[in-house]
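Report on one structure; see the data block that follows.
Residue numbers (UniProt numbering): 1 to 1149.
Structure (structure tokens):
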């Protein structure tokens, strides 16, 4: 094999081993977090001398691999068990041997004479280094769960020794290997040869008692800082965490506070709102690993070199332990994580042990802003007081005003904030094109382009339209919100009626949205209360108006009592009907119509009349003596009929020929039907009266569509124009509707003469005369023809058949829009219907009964009226072009602004938007203690007190209440890296603390919601901007590269805040420390004292720094820490010198 090929093979082996070791670590961490799969874990013992050679020559990240690496390392000679006869019968005295330099049994140590590797890593070593033609036959050590150690895991050797696995999931051997790397491979070979000459035989490793090594006394040193810190490995969708940590790691006061150990003096382990100090300690450890120079190792990662890589495993586990939303490896929002982290660090270092109960104060009427703000600030500090708050907390003035007319209740409070979450102007707005149709027939519809928030509702759209029309000259008194309605029009028909509470998101870009001005609601209510013209109206039915056959027979008392009990009469009636279901539907108040009920009553009375005639004939005197009986006597012969009456064949024959009735055979059956008929009349009137009380008090909304009907199939049912929406009184007749349409459509109906300013006759004139209808524009004098026959437009409409369709019709795109299920409305037959009797005049008359029918009750709310124009009449009279003509707004500010060059939105624009007054949504309504109800109050923020560190969160994610989805806003936001002057925005500041800010950190988000990635830009002390992308650190980047449309969270520092890093880094260590995972004394093992690592970066066990402490993050609870954990032990835990490993094999977010 060539030298290049050998080197390439060595590099491949090294990469495979590193990936396998990482996989072993992930398996251990999964077992630690889920307590599942323990039996699948295993470790193998590797001889120390061989592993150190393999590390120095091949496995160490970044090492220069030589072509003869395989020969220099040699085959893997595993540790093997053997039996020593001197041990006696005690199985606990079992010895181990290892080919290599001999050592005394009492000095054999884990991490020196032998090392552990996971099963995946062992597979790589065995495959590459086993003797030719064989296998390494490694010693498999199982993994167990230690009792009473918070699910702690340990490796159990065959002789029963239990060596705990660090909380990070891997033993940190790197420092031990680095320490021994000073001895060259040749020196080790010489040592091996020399020792083998002086003492032959295997290495003996025993669990015999021994004296553990002690570290030398701690020395005060000042570790140097890494120039640009360290990269953070992506553990699997953890880039959101890395971006926040890098930005906070460049916040000088935070870094100084945690690296100096000052936070230990403020550690609040009894705060139930904190993490018991866990997160503060882990965060401090993580910052040390990122910034301290003596932690650095050289590593390679995914094809590029990074000298400083930290794996924040322990920190991640601690966060997930106390905040379940961040456990696992799902994607998260970096701003949400930053909010949680700062809040948790504050609570862990809160100087207030017992928080007093304090009510949120409101500003008094005679209290100045300064007095109210200082009072609120002091009260807040009585509960929350930490170094974190000192740097990040500011104050805003919040003003809430009740929206109810005449209330005027205002609540002003001063609230603290840790960050500003600012909206992006325009990004949450959208342009909607609408067509406004005025009620004035002389005015054409107007096309408007309105700017509306994306989360607005239709009521907001109507209000915006009203404001625009008033700006265009319409009288505000003539246009009220209650007199406007928005609809979606498709194919000249209304597809959707928009409720005022519906979100505007339902309007698509290509939708044709119309807003109609309606007849004033106050007028319609007055008209609905007047006496209608038509006596056929349901509202004016009396019992005498209903058909009746009369009561000619009386029933026996027993039957009468039974039928009068509840609805028993209805059940008896159903027994005489062939179609029970049709009867039930007819007299169902919500399903049946008055017309159907009257039809049924007429059929029943006609049947009873025939029965009466049969009975009369049967009752004629058969003898001369019977002829002398008086009429009263004959009448009494019919009274009090019982169920035992004999059947009458003629009635049976009549019933058999009926399509409606059955089971009628005797005088008794006829008497029951008579009784039921009277009950039906009462029931029908009751339904009518109930409908009168609750139906259509505000009139009805109807759409009017114009169609052209022709006998030629090719042009049959052609739509002429878009719909017209009317609000009609509940008692408007069909003829009154023709008058209303003649007035509203006068601009598009050709009459052969100039249209006057407006005409009307009959019903409309009567309403205006009584003051019920607002007077239109001045009218010209009516000529005699108009007085007699109505306006010319009305003359045309008196020739047009009308039809209607009720509102329960379901409309779908692509379906036929012109149903044949429409019903005739008025006295003219619908096109295509059988020709009725020849009319004396082609013009309808207001005196015709069909023209007196009330439209609202026939058509229903949001029903449809169809103008069925005959083809020749439409060609002659209907001006389609004029009807469909639309005018552009004369002074549309939105359109004008749309043509202006768009300037980049700045962060100041976002802050201005944040400070704008806005109305609360219905989901966040405010309780007004004056109105005694929840209201959509008006709320406004004012920035009051400026924090030293200002975090600005750009709200790039918009949540849709309609689709329940979040959309990302990709708009570029320009922000200054230096000199963000907020002196005009903050209300209160001192000259020495003028709110001028410089940016030092930017958290970026690339991609969308389905799959994105977080990175960070940060400014170093030397004025160099760096780019942090997980493990990669790119220094000396152009500052302009930090200002992109990916910017998501901005970190600003006030200019008066010092940025010096002149502080001492504590190196305090515990009084007594143990070497990492050494074979413990039997007494220690029996007492359950096990060592563990709290490092974020430990691999498998660090000889100098695997100090063991039960305060490890993986085993602590949120509640106050357990007894026996003093400050010295805690400080020694996180102030160790653990070394990072280098690989990140997990996918990035």
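Think of the CB as a built atom: it goes at the ideal place given N, C-alpha and C, for glycine as much as any other residue.
Put residue 973 into one of helix, strand or coil per three-state DSSP. strand
Terminal residues of the continuous beta strand (DSSP E) containing residue 996? 996–1007
Residue from 410, 466, 109 whose Cα sits closest to the Cα of residue 930: 410
Considering only DSSP beta bridges, list what residue 399 is partnered with. The partner list for residue 399 (beta bridge, DSSP) reads 412, 940.
Check this for me: beta carbons of residue 50 and residue 73, under 9 angstroms apart or not? yes
Give me whichever residues DSSP pairs with residue 430 in a beta bridge. 452
At the level of alpha carbons, what is the spacing between residue 44 and residue 1065? 39 angstroms
Let me know the secondary structure DSSP gives residue 363 once reduced to three states. coil
DSSP beta-bridge partners of residue 160: BP columns for residue 160 are empty, so no partner.
Outcome for residue 332 when other beta-carbon atoms lying within 10 angstroms are tallied against a minimum of 16: By the neighbour-count rule (16 or more Cβ atoms within 10 Å), residue 332 is buried.
Residue range of the unbroken beta strand (DSSP E) whose run includes residue 45: Residue range 42–47 is occupied by the beta strand (DSSP E) that includes residue 45.
In the structure shown, what three-state DSSP assignment does residue 10 receive? helix
Within its chain, find whatever has a CB closer than 8 angstroms to the CB of residue 123; leave out the 5 residues flanking it on each side and keep chain order. Taken in chain order, the residues that qualify are 20.
Cutting at 7 angstroms between CB atoms, please list the residues of its own chain near residue 645, excluding the five before and the five after it. 666, 667, 668
Those runs of the beta strand (DSSP E) which lie wholly inside the region 650–712 and span at least 3 residues: 700–709
Who are the Cβ neighbours of residue 981 in its own chain at under 6 angstroms, not counting the five residues just before and after it? 996
Where the beta strand (DSSP E) containing residue 512 begins and where it ends: Boundaries of the beta strand (DSSP E) around residue 512: 512–517.
Looking only at DSSP bridge pairs, what is residue 235 linked to? The partner list for residue 235 (beta bridge, DSSP) is empty, contrary to what the question assumes.
Starting from the C-beta of residue 373, find all residues in its chain whose C-beta is less than 8 angstroms away, skip the five residues before and the five after it, and write them out in chain order. Closer than 8 angstroms at the Cβ level, and outside the excluded window around residue 373, lie 395, 397, 414, 944, 945, 988.
From 172, 76, 143, 142, residue whose alpha carbon lies closest to that of residue 131: 76
Assigned secondary structure, residue 1029 (DSSP; H/G/I helix, E/B strand, else coil): When DSSP states are grouped into helix, strand and coil, residue 1029 belongs to the strand group.
Look at the Cβ atom of residue 706, then the Cβ atom of residue 869, and state whether they are nearer than 9 angstroms. yes
Decide yes or no for the touch test of the region 469–479 against the region 378–397: beta carbon pairs closer than 8 angstroms, at least 3 of them. no
Helix, strand or coil for residue 910 per DSSP? Assignment of residue 910 by DSSP, reduced to helix, strand and coil, places it in the helix class.
Does residue 731 pass the burial test, meaning 16 or more other C-beta atoms within 10 Å, or should it be called exposed? buried
When you compare only the Cα positions, how much space is there between residue 1150 and residue 928? The structure shown does not extend to residue 1150, since the chain is modelled only from 1 to 1149, so the question has no answer here.
For residue 885, which of 747, 326, 311 has the nearest alpha-carbon? 747
Please determine if the region 671–678 and the region 496–506 are in contact, where contact requires at least 3 C-beta pairs separated by less than 8 angstroms. Here the region 671–678 does not lie against the region 496–506, with fewer than 3 beta-carbon pairs under 8 angstroms apart.
Distance, Cα to Cα, residue 128 vs residue 112? 23 angstroms
Compare the C-alpha of residue 3 against each of 61, 327, 69, 232 and name the closest. Out of 61, 327, 69, 232, 69 has the C-alpha closest to the C-alpha of residue 3.
Residue from 272, 310, 993, 1021 whose Cα sits closest to the Cα of residue 283: 310
Residue 1071 by DSSP, collapsed to three states: which one? Any reading at residue 1071 needs caution, since the residue's pLDDT is 30, under 50, leaving its predicted position unreliable; the model's value is listed next. Coil.
Considering only the beta carbon of each residue, do residue 822 and residue 804 sit closer than 9 angstroms? Contact: yes.
If you pair each beta-carbon of the region 574–582 with each one of the region 502–521, do three or more pairs fall below 8 angstroms? Segments in contact, no.
Cβ neighbour criterion (16 or more within 10 Å) applied to residue 246: buried
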